[in-house]
Every structure is written in structure tokens, then in C-alpha cells.
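Visitor:
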Amino acid sequence: MYVILSMVVALCMGMIVIVVRMKAQKYPTNARKIIMPPFFMATGALMYLIPYFRLTGMEVLEAVLVGMFFSLFLIYTSNFQVIDGQIYMKRSKLFPVILISLLVIRSVLKFYLSSTIHPGELAGMFFLLAFSMIVPWRIAMYIKYKKLADSLDIHDKSAAL
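Quick note on numbering: my numbering labels position 49 of the sequence shown as 1476, and the sequence is numbered without any gaps.
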């Protein structure tokens, strides 16, 4: 029951991310909007203070490598465009497809692994997988944004974090 409930929650969150991403494309972006989400998500790492969620070295390595691999698809579909001298996220038809595909793959993995890995460790692994996916993606987005902003000589006040 726990696994099915967590899959439903993950799919709902994925749909929310798609809607938020599509709405965000209507407004100009800045460095702060790109960089801050991983910082907010990082607070979730406090879960590792509780022994129930702690991972072995191999589980950490597996989660990080899978997350970094998944981030490649997000990096590929995240680009910027300039409209009226401001930088916007470029609409990608592939992004929702890739995000839904990644959610399905994660759900299948979670269902398959739930019979062999303790639920706390599994939760810890999937948090780390998501974090390892978001950080490289956001770093790549920031680099793309910065190159475009520098080429346009846009002085982003939020860039000075």
C-alpha cells in the first residue's frame, strides 16, 4: 500500500511540476529562479539524521549515478530564448514527455525495489536520486542562462546571491 500511495503522490507532483514549468515560461527568468530550488530541496537531506533513512555507500553511489543520468534528459530539453530583451525559458514539447517518462521509470523502479530494499532506505535513495537529478540540471541551466545574459549584457540583480 505504501508503494502505491507514494507512486500516486509522485505522479501528482510530476503533473504539478509540468503545470508550474509551463506557467513559468510566460515570465522572464533570472539567476535566482534557477539556483534557489535545489537549496530549498536540500533541507530534505535532514532525513538522513534519522537512522531509518540512512544509506550504504553503494546505495548512495547508485542513487547519485542514476540521478545524474536522468538529469541529462532535463538538461537537453531546457533552453532559453530572448524576448524583448528579457530571457525566458524556451517551450519544449519534449519536456513533459521526458518528465512523465522519468516519473514512470522511477515508479517502476520503486515498485520493483520495494520488495528487496527497506522502505526508509528506498525513500532515502529516491530523495538522493531526485536531488542528484535537479542539481546538475540547474547548474547547466544557470551556465546557459549566464552565457546568454552575458552575450546580451543583461545585468541580473538576482545573480549576486
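Beta carbons: idealized from backbone N, C-alpha and C, even for Gly.
Span of the beta strand (DSSP E) holding Y1475?
Guide: Counting along the chain, Y1475 falls outside any beta strand (DSSP E), and DSSP gives it neither H nor E.
Visitor: Judging by CA-CA distance, which residue of R1448, I1561, F1538 and V1447 is the nearest neighbour of F1497?
Guide: I1561
Visitor: Suppose the cutoff is 8 Å on Cβ atoms and the five residues either side in sequence are ignored; what does the same chain contact list for M1468 look like?
Guide: A1557, F1558 and I1561
Visitor: What is the rounded straight-line gap between the Cα of Y1603 and the Cα of V1531?
Guide: Shown here, the chain extends from 1428 to 1588; a query on residue 1603 therefore has no answer.
Visitor: Measure from the alpha carbon of R1533 to the alpha carbon of each residue in R1448, L1473, A1490 and P1563, then state which is nearest.
Guide: A1490
Visitor: Would you kindly check if the distance between the Cβ of I1461 and the Cβ of Y1539 is under 8 Å?
Guide: It is not a contact, given that the beta carbons lie outside the stated cut-off.
Visitor: Thinking just about the alpha-carbon of each residue, which of L1438, I1443, Q1508 and A1472 is nearest to the one in K1574?
Guide: Q1508
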